[in-house]
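Those letters in the sequence shown? Residues 1144 to 1892, per our numbering, in order. One structure is given below, encoded as structure tokens.
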Amino acid sequence: MNKRITIFVNLFLIIIFFSNNQLFSQEKDAGINSPIFKINGEPSYTKFNINRISTWFKNDGESDIHQNGNSGFIYPKGSNKGAVFQSGFLWGGKVDGKVRVGGSVYRQGTVPGRVIKNSTGKWEAVNPNEPDVRIYRVRPDYANANLKNEVSDGDGKDQNEVREKYKKDWMEWPADQGTPFDDINKNGIYEPKIDIPGVPGADQTIWFVCNDFDPRATEFLYGSLPLGIEEQVTVWGYNTDGPLGNMLFRKYILINKNLEEKSFTDMYVSIWSDIDVGNASDDYVGCDTTLGLGFGYNSNSIDPVYEVNVPAVGFKIVQGPIIEGTPSDTANFKNKYISGKKNLGMTAFYFTVNGDNIYTYPSQEVYQTGTLAFYNLFQGKLAYTGELPINHKTSLPTKFPLSGNPIDRTGWIDGQIHSPGNRTFGLASGPFNMAYGDTQEIVFAEIAAGATKGIDNLQAVTLLKEYSKVSQFLYNHFFDFIAAPSKPQINVTTSESEITLSWDQDPTAVMLTESYSKYGYNFEGYNIYQIPAPGFPLSEAKLIATFDIKNGVTSIIDKEFDEINNVYIDKVIAFGTDSGIKRSITINKDAFNANLPLNYGQKYYFAVTAYSYNERPPFGSHIFENPIDVIEVTPQSAFIQEDISRINVFPNPYYGANPQEINKYQRFVTFSHLPAEATIKIFNLAGQLVAHIEKTNPESQFVRWDLNNDAGYMVAGGLYLAYIEMPELGKTKVLKIAIIHEQPILDRF
């Protein structure tokens, strides 16, 4: 919804609206159209859009709002349905006892660029018009990835344009300014031809840096002087099914670079959001204190924009500011756990209601009703009175209003006092102190859930809370994703009509696979598949057998998202039978050919996987199975070095076709029982050399002749001589080959 072009047709409503909330309405118009700040380094905008979310970020701190002023957080991606109008990151603290507030909401109190020492040794903000003062976006697979989703999301006119943007940011990734990267050779230096820019393991990373050193910006925001902060922002996410595909992560690094080398005391940080779940006039908000989650949802099961499948959106603090703790405490900081410290969680939740006199929005540009009002909100107090809200259910003051459960309607929930409408909310964390030169690192997950068939507005809240648990679990484990057991090491033996796959030759490898246990997932069994051909996904394979532990676990069912019908369905994902563990299988039938016997000399493709199982998974699937490694196998007898009498060619005679041919344009005969190296020369009866074939594959006793001469044309029907040289054996052999072509069939006349 574009809140800048809303038309009010009733004059009385106009008067009431502006008299009750004049400041609030002004703020929605003030940010992007600010006369102070214009576009700086280019590009200044980019999108996060690697998974089901598509949303905007700008290098001055603005986020979740489209450049045209509409809601910018689109969910699901491609739907053109907005769930968040705008969001931002805020802070507030004291310098010499006086409160200062900064950050980003409808307006931005920050400007692009880092803060560096000038020639006099003083901190100085860089020129925001410098070419490297831009927003950066990378993805590790950009060079070969299909980028059609980015194109359809408006990132460029075609894939080449999008790819060039990714390439530029890859090559110019500003690691010297603090950007994360995967240091492949561990030398501490970013080398674009070796290293991978972005959060290691992430599928898309956005980075920019800004600062609050311009007093015009901070005063334009809430009437405050700057604190003196450099703010480095990293946004990342994962292109995957399940919960992770419905969230992104935001890391904010704050560095105290105060010009007077002052400390910040009683400091708070906050993530703020103006949620518009579809239509802006029918929303509710709430918080979950146990999860550190603030969220917005639709007040009704039907929304004018989303219709019946209305999502919920929220922010969860997954890593709060670091403070001193007890000796038994640990804190997550810069991807390490530090003993004796702890991370603060959500210490307050606040919300505003459009037009309300109590839960009202702070005014911009005014210190008393802007800076001090927001500082009150950070502490869980009412903006203008500085008093704690009173829980109307308990009659007690609280820092966590609307912390009831909207599902079972217990406790204080939205709608009990206020009608549905336009809401903003925020979650805060503090207090803490920052000495001059100190760094704080705060991370939030921005999550959406629902917008699928069968999930209504309240079920979306339940799903959102489950997703929030996933975000915390994975963040706590540094995104060490739950994996399957290690892959079995396969040995292959063949005969003329059978193939045996075994994986028991290496006891160490077997133990490594079968002793797998991680996050409650334990080794459960092996799956054996036949694959149509290399490159086919597992969904196209035929399951030949499952060998699983005898433990009462047989068929395993998961919820799977059906993209065609846009709904979650039950699906059997493992077909155990309590057969007991076996480590070999002999195959003599073709699962893709009505289970008929295997053909001698024909190529077949198989895979053996191991899978783990968790009866009560922390999130997502009950099983994890390792990716397939395709094994190419051909039924054949073992070659005996001295026995060249078995060398032959089939079919012989060739009567117009070969049962192993896929179509009439791929004619061939097969020489069998050949040694590792052989040279085959085909002559006609006139003694002319027709074709020349080299065999150099020691893993196979076969080689094919495509019935073409060395010029690439099909040979005429008749009798041919195959002269076979075997240099390793010092022997030769001659075979006669009869070729009889079928009568030509015209494709067209």
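No residue lacks a Cβ here, since even glycine has one placed at the ideal position from N, Cα and C.
Under 8 Å: do the segment 1664-1677 and the segment 1688-1702 share three or more Cβ pairs, one atom per stretch?
yes
Please report how far the alpha carbon of W1848 lies from the alpha carbon of N1303, in whole angstroms.
Roughly 41 Å separates the two Cα atoms.
Let me check one thing: in DSSP terms, what residues is I1533 bridge-paired to?
P1540
Please tell me whether G1498 and S1506 are closer than 8 Å, where the distance is taken between their beta carbons.
no
Spatial neighbours of V1242 within its chain, please: CB distance less than 7 Å, with the 5 preceding and 5 following residues excluded, ordered by chain position.
G1235, T1514, L1515, Y1518
If you run the structure through DSSP and keep just helix, strand and coil, what is W1313?
helix
Give the C-beta separation of I1699 and A1717 to the nearest angstrom, bearing in mind that I take them to be a contact with Cβ-Cβ under 8 Å.
Rounded to whole angstroms, the Cβ separation of I1699 and A1717 is 4 Å, and the two are in contact under 8 Å.
Inspect the CB distances between the segment 1402-1417 and the segment 1544-1551 and report whether three or more fall short of 8 Å.
In the pairwise beta carbon analysis, the segment 1402-1417 is classified as not touching the segment 1544-1551: fewer than three pairs are separated by under 8 Å.
Can you list the beta strand (DSSP E) stretches of 3 or more residues lying completely in the segment 1200-1269, in chain order?
1225-1238, 1241-1246, 1258-1260, 1266-1268
Helix, strand or coil: how does DSSP classify Q1302 here?
helix
Comparing alpha-carbon positions, which option in D1325, A1591, S1638 lies nearest G1744?
S1638
Quick test of your reading: E1641 and I1774, contact by CB under 8 Å. State the CB separation rounded to the nearest angstrom.
That belief does not hold up - the Cβ atoms of E1641 and I1774 are roughly 15 Å apart, past 8 Å.
Helix, strand or coil for A1318, going by three-state DSSP, please let me know.
helix
Is DSSP giving L1862 helix, strand or coil here?
strand
Three-state secondary structure (DSSP) at P1650?
helix
Checking the sheet assignment: what are the DSSP bridge partners for F1575?
M1410
Could you name the residues of the same chain whose beta carbon sits closer than 6 Å to that of L1655, not counting the 5 residues immediately before and after it, in chain order?
S1629
Just mark N1500 as buried or exposed, buried being the case when its beta carbon has 16 or more other beta carbons within 10 Å.
exposed
Is it buried or exposed for E1170, if we count other Cβ within 10 angstroms and need 16 for buried?
For E1170, the pLDDT reaches just 41, beneath the cut-off of 50, and the residue's location in the model is therefore unreliable, although a value from the coordinates is still provided. With 16 or more other Cβ atoms within 10 Å, it is buried.
So, does the segment 1386-1398 touch the segment 1531-1544, judging by three or more C-beta pairs under 8 Å?
Short answer: they don't touch.
Tell me, please, which residues DSSP counts as bridged to G1457.
F1438, I1590
Quick check on Y1618: does DSSP put it in helix, strand or coil?
helix
Reducing DSSP to helix, strand and coil, say where Y1395 ends up.
strand
Would the segment 1435-1455 count as touching the segment 1588-1604 if we require 3 or more Cβ pairs under 8 Å?
yes
Opposite G1668 in the DSSP bridges: which residues?
D1691, Y1754
Could I get the ranges of all uninterrupted beta strand (DSSP E) runs contained in the segment 1807-1874, with 3 residues as the minimum, in chain order?
1812-1815, 1821-1827, 1832-1838, 1846-1848, 1861-1869
Pull up the DSSP beta-bridge partners for S1660, would you.
N1665
Please look up how many angstroms separate the CB atoms of G1264 and G1204, rounded, as I've assumed it's under 8 Å.
Contact between G1264 and G1204 does not hold, since the beta-carbon distance rounds to 27 Å and is not under 8 Å.
State the Cα-Cα distance for the pair R1280 and Y1309, rounded to the nearest angstrom.
7 Å
Taking three-plus beta-carbon pairs below 8 Å as touching, is the segment 1334-1353 in contact with the segment 1269-1283?
With the cut-off at 8 Å, the segment 1334-1353 and the segment 1269-1283 touch.
So who's on the other strand from Q1462, going by DSSP bridges?
V1586
Starting from L1878, follow its DSSP beta bridges and name the residues at the other end.
A1865
Curious, which full-length alpha helix (DSSP H) runs of at least 4 residues does the segment 1468-1531 contain?
List check, alpha helix (DSSP H) in window: 1515-1521.
Using only the alpha-carbon positions, how far apart do S1471 and K1479 sit?
16 Å
Does the count of Cβ pairs from the segment 1287-1299 and the segment 1183-1192 closer than 8 Å reach three?
yes
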